[in-house]
Structures are given as structure tokens and as C-alpha cells.
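Please read the structure below before turning to the comments.
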Amino acid sequence: MTKSLAEQGIITAVCTPHFNPAEVSMEDFLKAREGAVQSIQNSGVKLIPGSEIFLHEYLFHYKDISPLCIGDTRYLLIEFPINKTWDTKNEFYVRQLINYYGIIPIIAHIERYKPILKNTGILKRLRDMGCLIQTNTSSVIEKRTSRLVIKYLQAGYIDLLGSDCHNMTTRPPCFTKALKEIKRKAGLDIITRLEVNSERVITGEYINKSTGYILD
Ligand SMILES: [Fe+2]
């Protein structure tokens with residue numbers, strides 16, 4: 009995967025293995041992650057450790073969750089349980105992350121949450137709280153999701169693009185294809201914004217989201 013990313017012009021990758029606090033301790037997760045990063049040599053891509061957190065109440069048992077963040081930053085990639093209806097507990101947890109831990113949550117693959125897609129009020133609330141919103145490259149390409157993701161990108165509701173790659177067979181990295189599609193359908197400015205935001209996340213800089221437009 010790192011070889012493929014390098015071939016697609018990617019110079020830095022944030023590694024975000026899944027962490028479910030209900031299944032494994034943070035200590036064991038961090039040990040396994042360290043081993044995995046160490047095992048990748050000469051990838052041609054700079055690797056930054058991170059995680060993708062499944063929001064669960066057990067996460068809040070830890071006093072310090074900063075080792076789960078992207079590199080040395082306060083940015084943390086999180087995902088919600090997939091449910092038909094919106095659980096307001098999600099927003100409570102997000103608020104806890106922001107207020108108690110000083111975290112800037114990045115909501116992973118926004119296109120997967122049907123209740124959010126049906127009700128942009130939730131999306132607006134999450135953004136107003138200070139969350140950043142991420143989408144997957146595969147969702148830009150796939151027919152089923154492409155229109156909606158492009159619409160969100162144009163509306164300024166998506167701050168970050170991620171590969172969410174898991175392997176080289178069913179979920180390979182596909183930046184080249186996705187960026188081509190965004191450029192064709194939404195224009196180069198949006199790609200520039202995504203790139204600038206990515207750079208700011210890995211360097212821990214603040215992202216100004218005021219450039220977002222309102223969806224009709
Ligand atoms: Fe995920």
C-alpha cells in the first residue's frame with residue numbers, strides 16, 4: 009500500500025489502525041501499532057502514527073488519549089457506530105473529546121452515516137462544535153456515493169480526503185482516480201483546499217472552516 013501511495017505522488021501518510029476501546033486496551037493497541045510501523049521499511053512515504061477511534065464510553069476511562077492523535081497534534085480521527093437513527097450520545101462524546109481532552113475530532117467517512125446524510129443539521133452541529141469532516145477516496149469514485157460527496161465538497165462541508173485503504177485487493181489506495189474525478193466535477197480549488205488542510209493536520213496547524221458554504 010505504501011508503494012502504491014508513493015506511486016500516486018503521496019509523500020506522507022497517516023496510519024490510522026482501528027482502535028475499539030471496548031475490545032483492547034490502549035496500551036496493547038499502541039504496542040501493536042508501534043510494531044506495525046517498525047515493520048515497514050523504506051516505503052518511500054513518510055509514515056505518521058494515528059488511529060481511527062470507535063467512539064465508546066470506555067475511551068473516557070483514560071486520562072490521557074493524546075498518543076492516539078495524529079503524530080504530536082491534537083487531531084484525532086473518530087468513527088461513530090453505524091445505526092439507522094442518530095444517537096445523540098455521539099454528540100455528547102464529541103463534546104467530551106473537545107472540552108475535556110482538548111481534542112479536535114476528525115469525523116471519518118461521513119458518507120457512511122445515513123442519519124447525517126438525511127439531516128444536514130447534525131453535520132452543521134458537528135462542524136460548529138469544531139469537528140473536521142473526512143471522506144474516502146473510494147466514495148468519490150463509486151457511483152452510489154459520488155454525487156453526494158461531490159455536492160458536499162462543493163458546499164465546503166468536507167475538509168479532508170483519506171484513502172481508508174486496508175489492502176491491495178478489495179480496498180487499495182486510489183488517490184489518482186479520486187483526485188481526477190474531483191478536479192473534473194468540482195474544480196481544482198477544492199483539491200487545493202483538501203491538500204492545504206491535510207498539510208495543516210499533520211503539522212498541527214489550525215484549520216479555518218469559515219470558507220464553507222451553506223447547502224441548499
Ligand atoms: Fe472507519
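Residues in the sequence shown are numbered from 9 upward in steps of one, following my numbering. Cβ atoms here follow ideal geometry from the backbone N, Cα and C, with glycine treated the same way. Source: prediction; values computed, not measured.
Checklist entry - For the segment 162 to 174 against the segment 29 to 43, are there 3 or more C-beta pairs whose distance is under 8 Å? => result Three or more beta-carbon pairs separated by less than 8 Å are not found between the segment 162 to 174 and the segment 29 to 43, which leaves the two stretches without contact.
Checklist entry - For A21 versus E60, is the C-beta distance shorter than 7 Å? => result Translated into positions along the sequence shown, residue 21 becomes position 13. Translated into positions along the sequence shown, residue 60 becomes position 52. Not closer than 7 Å, so no.
Checklist entry - Beta carbon of I149, beta carbon of A186: below 7 Å? => result Position 141 of the sequence shown, counted from the first residue, corresponds to residue 149. Position 178 of the sequence shown, counted from the first residue, corresponds to residue 186. Taking 7 Å as the Cβ cut-off, I149 and A186 qualify as a contacting pair.
Checklist entry - Could you give the distance in angstroms between the alpha-carbon of L161 and the alpha-carbon of T178? => result To locate residue 161, count along the sequence shown from 1; it is residue 153. To locate residue 178, count along the sequence shown from 1; it is residue 170. Spanning the two alpha carbons is a distance of roughly 25 Å.
Checklist entry - Would I130 pass as a contact of Y165 if the rule is Cβ separation under 7 Å? => result Here the question's residue 130 lines up with position 122 in the sequence shown. Here the question's residue 165 lines up with position 157 in the sequence shown. No. Outside cutoff.
Checklist entry - Tell me which same chain residues have a C-beta within less than 6 Å of the C-beta of F27, skipping the five on either side of it? => result Along the sequence shown, read from residue 1 onward, the residue named residue 27 stands at position 19. In chain order, F37, S59, I61 place their CB closer than 6 Å to the CB of F27, counting only its own chain and leaving out the 5 sequence neighbours on each side.
Checklist entry - CB of E87 to nearest heavy atom of ligand 1: below 6 Å? => result Counting from 1 along the sequence shown, the entry for residue 87 is found at position 79. Because some heavy atom of ligand 1 lies under 6 Å away, the Cβ of E87 counts as near it: yes.
Checklist entry - Based on the DSSP output, what are the partners of H26 in its beta bridges? => result Counting from 1 along the sequence shown, the entry for residue 26 is found at position 18. Checking the DSSP bridge columns, you'll see H26 partnered with E60.
Item to check | Those runs of the beta strand (DSSP E) which lie wholly inside the segment 56 to 100 and span at least 3 residues | outcome: Complete beta strand (DSSP E) runs here, min 3: 60 to 62, 83 to 87.
Checklist entry - Roughly how many angstroms lie between the CA atoms of Q16 and V53, to the nearest whole one? => result The sequence position of residue 16 within the sequence shown is 8, counting from 1. The sequence position of residue 53 within the sequence shown is 45, counting from 1. Straight-line spacing of the CA atoms in Q16 and V53 works out to 11 Å.
Item to check | Local conformation of A14 per DSSP, three classes | outcome: Taking the first residue of the sequence shown as position 1, residue 14 is located at position 6. Residue state, collapsed to three classes: helix.
Checklist entry - So, using beta-carbon positions, are T153 and E203 closer together than 7 Å? => result The count along the sequence shown starts at 1 and reaches residue 153 at position 145. The count along the sequence shown starts at 1 and reaches residue 203 at position 195. No, the Cβ-Cβ distance between T153 and E203 is not below 7 Å.
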